[in-house]
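First up is the structure itself, then whatever we jot down about it.
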Amino acid sequence: MARRIDVTGAGGVRLAAWEFADPPKTGEAGQAPGVLLLHGLMGRASHWAGTARWLAERRRAVALDQRGHGRSDKPDQGPFDREAYVLDAEAALESLGLGPAVVVGHSMGALTAWQLAARRPDLVSGLVICDMRASALGAASQREWEDWFGSWPLPFATLGDVRKWFGEDDPWVERPNPARGEFYAEVMTEREDGWRPVFSRRHMLAARSTWVRDAHWEELAAVQCPALVVRGLDGELGRAEAQEMVRVLPRGVYAEVADAGHLVHYDQPVGWREVVEPFLDGVLAGR
Numbered sequence: 104m105a106r107r108i109d110v111t112g113a114g115g116v117r118l119a120a121w122e123f124a125d126p127p128k129t130g131e132a133g134q135a136p137g138v139l140l141l142h143g144l145m146g147r148a149s150h151w152a153g154t155a156r157w158l159a160e161r162r163r164a165v166a167l168d169q170r171g172h173g174r175s176d177k178p179d180q181g182p183f184d185r186e187a188y189v190l191d192a193e194a195a196l197e198s199l200g201l202g203p204a205v206v207v208g209h210s211m212g213a214l215t216a217w218q219l220a221a222r223r224p225d226l227v228s229g230l231v232i233c234d235m236r237a238s239a240l241g242a243a244s245q246r247e248w249e250d251w252f253g254s255w256p257l258p259f260a261t262l263g264d265v266r267k268w269f270g271e272d273d274p275w276v277e278r279p280n281p282a283r284g285e286f287y288a289e290v291m292t293e294r295e296d297g298w299r300p301v302f303s304r305r306h307m308l309a310a311r312s313t314w315v316r317d318a319h320w321e322e323l324a325a326v327q328c329p330a331l332v333v334r335g336l337d338g339e340l341g342r343a344e345a346q347e348m349v350r351v352l353p354r355g356v357y358a359e360v361a362d363a364g365h366l367v368h369y370d371q372p373v374g375w376r377e378v379v380e381p382f383l384d385g386v387l388a389g390r
């Protein structure tokens, strides 16, 4: 079961929100605690389907296709800046009646989550930051991504070709990673000439540029709710920076998932649940 809910984001952009399981039944005391799931750059709401299903045992979990991604609008001129993403998440929480909610974000979605928590503490009761750095990445990083996007052998003839290239042949892959191949297969759509991404790579570079040049430590320090920083041992967030993020967060805690890369929740769902669920239970107990 996947139920779509249309939400109006900043500037009238239409956003698609998704529930992948029925929320638990509640009595007259009120609705189940809310969780908003925010995917990373090039992700989509369906990447959270597994997480959303176990969350729905005790909570109402909604995953958002962020602007430029999935089934949400992809305005040609954007904007795809930090302000737009944060305002979209804020609008989603208010429109869905989820707040105060735990906001769980991966990569770009994690940055949006902690910026929202700093700005609107009334809407965010807890925060999970998955494999996202607070430091600026630098201009060289953006150039590397431009080159990487240019290396994609588009169009792909089949989804099998997508899985093989991103899971094995991509020069950024150090060793075969079937989960990575599946991740990218999920963001492809079939067109007349073959399989292409559902997003614009130009839009993705625009979205990414705002954390390439800026650091986000001040917003992190302004987060007042409980916050869990999760990193994959082979991910993009190093241990030293992750632990510094925990130190900066007023109520931060740290966890890491073994045998996980950047796509922690996707390639190691069991390990992901083992570190996240106890944290969420603690936030729920403190309501």
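Residues 104 to 390 in our numbering are what the sequence shown spells out, letter by letter.
All C-beta atoms, glycine included, are put in the ideal place defined by N, C-alpha and C.
In this text the structure is predicted, and so the values were computed from the model without any measurement.
Residues that DSSP places opposite residue i in a beta bridge
i: residue 357; result: 332
i: residue 122; result: 106
i: residue 399; result: The chain is shown from 104 up to 390; residue 399 falls before or after that span and cannot be answered.
i: residue 342; result: Residue 342 is not bridged to any residue.
i: residue 286; result: Its beta-bridge partners do not exist; DSSP assigns none.
i: residue 297; result: 294
i: residue 269; result: Residue 269 pairs with nothing; no bridge assigned.
i: residue 259; result: 298
i: residue 209; result: 233
i: residue 117; result: 111
Exposure label - residue i; buried when at least 16 CB within 10 Å
i: residue 130; result: Caution applies to residue 130, whose pLDDT of 49 falls short of 50 and renders its modelled position unreliable; the value that the coordinates give is listed next. Looking at its Cβ environment, which holds fewer than 16 other Cβ atoms inside 10 Å, residue 130 is exposed.
i: residue 278; result: exposed
i: residue 263; result: exposed
i: residue 163; result: buried
i: residue 218; result: buried
i: residue 360; result: buried
i: residue 136; result: buried
i: residue 373; result: exposed
i: residue 321; result: exposed
i: residue 292; result: exposed
i: residue 353; result: exposed
i: residue 101; result: With the chain covering only 104 through 390, there is no way to say anything about residue 101.
i: residue 334; result: buried
i: residue 384; result: exposed
i: residue 102; result: Outside the shown range of the chain, which is 104 to 390, sits residue 102, and nothing can be said about it.
i: residue 180; result: exposed
i: residue 294; result: exposed
Endpoints, alpha helix (DSSP H) assigned at residue i
i: residue 384; result: 372 to 388
i: residue 312; result: 304 to 315
i: residue 178; result: Where residue 178 is concerned, there is no enclosing alpha helix (DSSP H), given that its DSSP letter is neither H nor E.
i: residue 252; result: 242 to 254
i: residue 277; result: Segment: none, residue 277 is in no alpha helix (DSSP H) and carries neither H nor E.
i: residue 189; result: 185 to 199
i: residue 159; result: Run containing residue 159: none; DSSP gives neither H nor E here.
Spatial distance of residue i from residue j (CA atoms)
i: residue 355; j: residue 310; result: 27 Å
i: residue 81; j: residue 357; result: No answer is possible for residue 81: the residues shown for the chain start at 104 and end at 390.
i: residue 283; j: residue 209; result: 15 Å
i: residue 145; j: residue 171; result: 9 Å
i: residue 306; j: residue 178; result: 9 Å
i: residue 151; j: residue 159; result: 12 Å
i: residue 252; j: residue 274; result: 12 Å
i: residue 387; j: residue 147; result: 26 Å
i: residue 165; j: residue 138; result: 6 Å
i: residue 381; j: residue 231; result: 12 Å
i: residue 183; j: residue 338; result: 25 Å
i: residue 235; j: residue 342; result: 12 Å
i: residue 197; j: residue 118; result: 13 Å
i: residue 176; j: residue 313; result: 20 Å
i: residue 367; j: residue 300; result: 22 Å
Distance between beta carbons of residue j and residue i, contact taken as under 8 Å
i: residue 124; j: residue 108; result: At roughly 14 Å, the Cβ-Cβ gap does not stay under 8 Å, so residue 124 and residue 108 are not in contact.
i: residue 140; j: residue 155; result: 6 Å
i: residue 404; j: residue 143; result: No answer is possible for residue 404: it lies beyond the span of the chain, which begins at 104 and ends at 390.
i: residue 239; j: residue 185; result: So it is not a contact: roughly 13 Å between Cβ atoms.
Delimiting residues of the beta strand (DSSP E) encompassing residue i
i: residue 292; result: 291 to 294
i: residue 139; result: 137 to 141
i: residue 106; result: 106 to 111
i: residue 147; result: Looking at the DSSP string, residue 147 is not in any beta strand (DSSP E), and its letter there is neither H nor E.
i: residue 165; result: 163 to 168
Proximity test, residue i beta-carbon vs the ligand NAP heavy atom, cut-off 7 Å
i: residue 121; result: Looking for the ligand NAP in the displayed structure turns up nothing, as the structure carries no ligands at all.
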